[in-house]
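Peer 1: Pasting a structure below so you can have a look.
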Amino acid sequence: TGDEHARLNVSGGACALGHPIGASGARILVTLLNAMHRRGATTALAAICIGGGEGTAIALERV
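Using this note's numbering, the first residue of the sequence shown is number 1311, and each one after it goes up by one.
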């Protein structure tokens, strides 16, 4: 729905973000922090694939 689009993947996916090899986590984290600042969000969640069928996630809260 339109409401979900406004909240999920607000800066696009990995291909849209672009990143040098080995910098995925830093790139996604900094982009998420900037999106939180722009939108006035206090909480956010980022998840990335780290290869080999594994993944990692981080939940952030601005205080």
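Glycine is no exception: its CB is placed at the ideal position from the N, C-alpha and C atoms.
C1359 to D1313, Cα distance in whole Å?
Peer 2: Cα to Cα, the separation comes out at about 25 Å.
Peer 1: Can you pull the DSSP bridge partners for A1356?
Peer 2: Looking at the DSSP assignment, A1356 forms a beta bridge with I1368.
Peer 1: Go through its chain and collect everything with a Cβ distance to N1332's Cβ below 7 Å, but skip five positions before and after it.
Peer 2: Before going further, note that residue 1332 is Gly rather than Asn in the sequence given. Contacts found: none.
Peer 1: What three-state label does DSSP hand G1335 in the structure shown?
Peer 2: Of the three classes helix, strand and coil, the one that applies to G1335 here is helix, per DSSP.
Peer 1: Name the DSSP bridge partner or partners of G1350?
Peer 2: DSSP, once it has assigned bridges, lists no residue as partnering G1350.
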